[in-house]
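Reading through the structure tokens given below for one structure.
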Amino acid sequence: MRNFFKIFITFSTLLALVIVVSACSDKEENSASKGSDEDNGVNIRINNDPDFLDPHMAQASITFQMILNIFDGLLVGDTDGSLQPALAEDYTISEDGLTYTFTLRDGVTFHNGDPLTVEDVQYSFERLMGVETGEALSSNFENVASLDAPDENTFIITLKEPNSAFLSYLTALHSAIIPKNNDGKHNEKPIGTGPFQFSNYSPENNMVLVKNENYWKEGLPYLDTVTFTFQPDDQTALLSLQAGEMDIVAVGSHRVPEVEKDFNIEYQDSNSVLLVGYNQLKEPFNDIRVRQAINYAVNKDDVIEAAFSGYATKLGSNMSPAAGEVHKEGLEDAYARDVEKAKQLLAEAGYKDGFSTTLSISSHAALYTNVAQVVVENLKEVGIDVEIEVVEWGVWLEKIYQGRDYDMTIIDFTGELSPYETIERYQSDASGNLFNFSNEEFDGLMKDVLTESNVDRQIEIYHRAQEILSEDAAAVYMADYQIIWALNPKLEGYKLYPYFFHDLSEVKWKK
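Just add 149 to wherever you are in the sequence shown, counting from 1, and you've got the numbering used here.
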């Protein structure tokens, strides 16, 4: 069953580097051509290939960075995290919080020219729920009692129990609306209603989108083409930017001086949680004292300086200050670095002389390697000998995330539109609980918050849930970091979101 696990993938080959270097002399010519009638497109660096083109199957955040330009949901998350109308131009919620009635927008067509119908909306949700197959693609809709389409413009979702997070499930991040007549082809030729339509995908090379001439937002988009180029290597990506071959690239904080004079720099609060996780069904990580010892041993300040040059916020639980008042302040220093305390806890747990373990990280991101090196040195000081195992991204997803076959790992969980989505993975029975964390009080709180209508009480519940994650040392919560984007200075209209999305719908070249 699908859990909406979205991972931000940070930072191709030697051949690509040679090509970029040879193209540097053409930088001025390449840049000058941008915005002309012959080249009304943009080229954006993406670290790696999408995991799926089918929006109901996709899990990785880099995938959604791209495909959210193809699809719409009933609602959409705005730049401030609020929910706005999309394919549903209006909706009402019954007093008991169980019945959601949506009025569909008129005049919307899919990229294949077919009109959006209420049958397509029902098909999309039934597919996510596994109505036909018996195998749900999303756990978000287990609470749905019924789906109804009383007329051609009305769609009704009735829940079994109230769910305070339900509206956030209705964006394209979780429930993209797709055409019923494309069944069986969603992963090879995705069709949506978004501002851009799928053109082609070349594995390990790029994905190209083209303008949707019949987009329901009149006058948009401005661009004719969008090319997402897959480039895992940071240095190659930077050279591509400087050569005029890329228009939007994420750069490391230490590289900003190299680009800030020639490119527009945007600082995006990532609303992420970078952490060290451990498999709590394995010894010695099933012992809370060992987990707490690791927390005391890791120097978050060193991690922030080494990996982000200070462009990050220290965390103490799986919630960023970007979440607003639901974020519990003060937990970031609950495990202020204390080597002696860490050694004491290890001794009490029966590991006076430490132990050996393996830290598995994905190869796609230089970030994880940089963080791992700091963590390994920190843990060595308390007697924990750590071997770094580097695996490919696909292996990480299959073996570690899905198979839970590992000792320790490093990952960053990206921000969601609701606090529930941000921390629900820690429930004992959650499919995304790769840490095998289990706490009865936490499980109860997560059930309570969904049926709680009082916002103040919801905040109290989320605060207590974060305290539990800290007290039980569910992971080593290190930082929420800034993403620094370098953009071609001739571009305008690029917007930043509290989730990972390259929104190209309003991007255009300056006249």
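Quick reminder that beta carbons are idealized off the backbone N, C-alpha and C, glycines included.
query: Just to check, is the beta-carbon of Arg-486 closer than 7 Å to a non-hydrogen atom of the ligand PLP?
result: With respect to the ligand PLP, the structure shown offers nothing to examine, as it has no ligands at all.
message: Per the DSSP calculation, Lys-463 is bridged to which residue(s)?
response: Ala-628
query: Quick one, are the C-beta atoms of Tyr-626 and Leu-388 less than 8 Å apart?
result: no
Same chain, Cβ closer than 8 Å to Met-557, five either side skipped, listed in chain order: Val-425, Gly-426, Tyr-427, Asn-428, Phe-434, Thr-506, Thr-507, Leu-508, Ser-509, Val-535
query: Would a C-beta distance cut-off of 8 Å place Pro-311 and Leu-599 closer than the cut-off?
result: yes
Between the CA atoms of Tyr-643 and Gln-384 - distance to the nearest angstrom: 23 Å
Where Ala-321 falls, given that 16 or more other Cβ within 10 Å makes a residue buried: buried
message: Between the alpha carbons of Val-523 and Met-595, how many angstroms are there, rounded?
response: 34 Å
Gly-393 versus Ile-632: straight-line alpha-carbon distance, rounded: 21 Å
task: Have a look at Arg-438 and Tyr-517 and give me their C-alpha separation to the nearest angstrom.
output: 25 Å
- request: Look at Ala-461 and Tyr-630 and say whether their C-beta atoms are less than 8 Å apart.
  value: yes
field: Counted within 10 angstroms of its Cβ, other Cβ atoms place Thr-241 as buried (16 or more) or exposed
entry: exposed
message: Restricting to Cα atoms, I'd like to know which of Ser-243, Ala-521, Phe-584, Asn-289 is closest to Asp-451.
response: Ala-521
query: Is Val-257 closer than 8 Å to Leu-236 when the C-beta atoms are compared?
result: yes
query: How would you call Thr-563, buried or exposed, if buried means at least 16 neighbouring beta carbons within 10 angstroms?
result: buried
- prompt: For Asn-349 versus Thr-376, is the C-beta distance shorter than 8 Å?
  reply: no
- request: Pull up the DSSP beta-bridge partners for Ile-327, would you.
  value: According to DSSP, Ile-327 bridges with nothing at all.
task: Please classify Asn-637: is it buried, with 16 or more other beta-carbons within 10 angstroms of its beta-carbon, or exposed?
output: buried
message: Taking the alpha carbon of Glu-538 as the reference point, which residue from Lys-529, Ile-549, Tyr-611 has its own alpha carbon closest?
response: Ile-549
query: Quick one: what does DSSP say Ala-298 is sitting in, helix, strand or coil?
result: strand
Beta strand (DSSP E) runs contained entirely in the region 427–464, provided each spans 3 or more residues: 461–463
- prompt: Just curious, the alpha helix (DSSP H) that Ile-533 is in, first and last residue?
  reply: Where Ile-533 is concerned, there is no enclosing alpha helix (DSSP H), although the beta strand (DSSP E) it sits in stretches over 533–540.
Own chain residues within Cβ distance below 8 Å of Pro-344, not counting five before or after: Asn-218, Lys-360, Asn-361, Tyr-364, Lys-366, Leu-369, Pro-370, Leu-653, Ser-654
field: Asp-175 (DSSP reduced to helix, strand or coil)
entry: Any answer about Asp-175 is weak, because its pLDDT of 42 lies below 50 and its placement is not dependable; what the coordinates show is given next. Residue state, collapsed to three classes: helix.
field: Where the alpha helix (DSSP H) containing Asn-117 begins and where it ends
entry: This structure cannot speak to residue 117, because the chain is shown only from 150 to 660.
Beta-carbon spacing of Leu-224, Thr-307 below 8 Å: no
- request: Compute the distance between the beta-carbons of Asp-203 and Pro-339, then report whether it is under 8 Å.
  value: yes
- request: State the beta-bridge partners of Trp-634 as determined by DSSP.
  value: Ala-399, Glu-415
field: Val-408 beta carbon less than 8 Å from that of Ala-635
entry: yes
Span of the beta strand (DSSP E) around Gln-346: 345–351
query: Shortest alpha-carbon distance to Asn-197 belongs to which of Ala-386, Val-293, Glu-337?
result: Ala-386
- request: Specify, as a first and last residue, the run of the beta strand (DSSP E) that Ile-560 falls within.
  value: 557–562
task: Go to Tyr-240, then tell me how far its beta strand (DSSP E) extends in each direction, as first and last residue.
output: 237–242
message: Quick check: what's the CA-CA separation for Ala-514 versus Ile-305?
response: 42 Å
message: Less than 8 Å between the C-beta atoms of Ala-209 and Ile-216, yes or no?
response: no
- prompt: DSSP on Tyr-249, reduced to helix/strand/coil?
  reply: strand
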